[in-house]
Amino acid sequence: MTLRVRLADTAGFCFGVKRAVDMVYQEAETSNNVYTFGPIIHNESVVNDLESKGVNVINDVLEIKDNDVGTIIIRAHGVPKKTLDAMESCKVKVVDATCPFVRKIYNIVTSQGNEGRDIIIIGSDTHPEVEGIKGWCNTKVYVVESEEEANNLELADDKPLCIVSQTTFNHIKFKNIVDIITSKAKDVMVVNTICNATKERQEEAYKLAEESDVMLVIGGKNSSNSQKLYNICKDKCKNTFFIQNAKDFDFSILDNYNSVGITAGASTPNNIIKEVFDLCQKKVLNNY
Ligand code: F3S
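Quick note on this note's numbering: the sequence shown kicks off at -4 and runs consecutively.
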C-alpha cells in the first residue's frame, strides 16, 4: 500500500504572526532587557528559543517596573487601549507587533462607536484578541460566541449596531450568528473581519480532510485557531489527530491507510511542520 502524503499550502505561520515573531527576533539582537507582553505565540518551542536569546515574558503592566524592562513587545493579538497607554507611560520602548488586520478592527469599533453604534464582537470573550478589541470600544459592547448566545441576546431598543468578528472565527458560524442578530435589530452594520489567512487555512483543511484517510493538525495546546482547525477536520475525517509536534503521534498508524493530510495552526513554526511531514514521507519510503 503506497501512502500519499499531502501538506496544506496554508499550514503554519500567517502573515501577522510571522511579522510579530520576526520583530521579536530582531529586537533580541539589537536591544537589552526585551520582554513580550504574554507569550508571542502559543508555541512552547518558539518561546523557549526566545528565552535562550534573553527574551522573557511578562503578563501585566505592573511587572514592567519590577523587571527593569527595556523593551516591551505587544504580540499580534494586540492589547486594549488602556494597556497600551499604561505601557507608554512607563517610559520603556514599546514595539507594537499588533497584526495590521487586528488594528483595522480597532479603527472600525472606535469610529463606529463615535457614530453612535453599539458594538457586537463575534468571538470568544476570553480570547486575548477579543479582550483587546473590547478595549478600543467607546460604546456598549457585546461579545457573542454561539448561535444560542445570539438568540438570547438582549439588545437596547433601536440602538444602531456594528458587528465585527474575531479574526480567527469560523466563517460559517459567523454568518449564522449574523443572521440571528440582524433578524432582531433594525440598523445593523456588518463588517466581516475574519482574516483571509484563517478562512483559506480552514477551507484548505476541510478539503484535505475530506480527501484523506488520516488527518494531522499540528498546533499548540492553547491555540484556539488550531483547535478550530481540528474540529473542522474531525467533521470530515474521523481519524483526525491533534498533535503539538512529531513526538505526539504514533506514525505506525499510517501503515493501515492510503493517505494522510497535514495542516497546522497559525502559530506552528515551520521546523515542527517539516519534521512531521518528513516522518510521514519516511513511512512512504519504508513501505516501498
Ligand atoms: Fe493577522 Fe490574520 Fe494572522 S489577523 S495574526 S494575519 S490570522
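Beta carbons: idealized from backbone N, C-alpha and C, even for Gly. Because the structure is a prediction, the values reported are computed rather than measured.
| Asked | Found |
| --- | --- |
| Proximity test, GLY11 beta-carbon vs the ligand F3S heavy atom, cut-off 6 Å | yes |
| Complete runs of the beta strand (DSSP E) confined to the region 230 to 272 [at least 3 residues] | 235 to 238 and 254 to 259 |
| HIS193: CB within 6 Å of a non-hydrogen atom of the ligand F3S | Going by the sequence as given, residue 193 is Thr instead of His. Yes, since a heavy atom of the ligand F3S falls inside the 6 Å radius drawn around the Cβ of THR193. |
| At least three beta-carbon pairs within less than 8 Å, the region 170 to 178 to the region 215 to 234 | no |
| Whole beta strand (DSSP E) elements within the region 128 to 157, 3-residue minimum | 136 to 139 |
| Candidates GLN21, ALA71 and GLU58, of which the one nearest GLY49 by Cα | GLN21 |
| Secondary structure of THR105, DSSP reduced to three states | helix |
| Anticipated Cβ contact below 8 Å, VAL209 with ILE238, distance rounded | That belief does not hold up - the Cβ atoms of VAL209 and ILE238 are roughly 11 Å apart, past 8 Å. |
| First and last residue of the uninterrupted beta strand (DSSP E) at LEU2 | -1 to 2 |
| Counted within 10 angstroms of its Cβ, other Cβ atoms place CYS132 as buried (16 or more) or exposed | buried |
| 7 Å Cβ cutoff met for PHE246 and LEU211 | no |
| For VAL41 and LYS76, the rounded distance between their alpha carbons | 27 Å |
| Delimiting residues of the beta strand (DSSP E) encompassing LEU286 | Residue 286 lies beyond the stretch modelled for the chain, which goes from -4 to 283, so this question has no answer here. |
| Euclidean distance between Cα positions of LYS88 and PHE272 | 40 Å |
| Exposed unless 16 or more other CB atoms sit within 10 angstroms - verdict on ALA204 | buried |
| Closest by C-alpha distance to ILE167, when choosing among GLU140, VAL19, ASN265 and GLU39 | GLU140 |
| LYS88: first and last residue of the uninterrupted beta strand (DSSP E) it sits in | 88 to 91 |
| Residues that ILE53 bridges to, as DSSP identifies them | PHE32 |
| Per-residue burial, THR263 [other beta carbons within 10 Å of its own, 16 or more giving buried] | buried |
| Inter-stretch contact (C-beta, 8 Å, three-pair minimum) for the region 47 to 66 and the region -2 to 17 | no |
| One or two residues paired with ILE116 in a DSSP bridge | VAL138 and VAL159 |
| Straight-line gap, SER84 to PHE32 (C-alpha atoms, nearest Å) | 15 Å |
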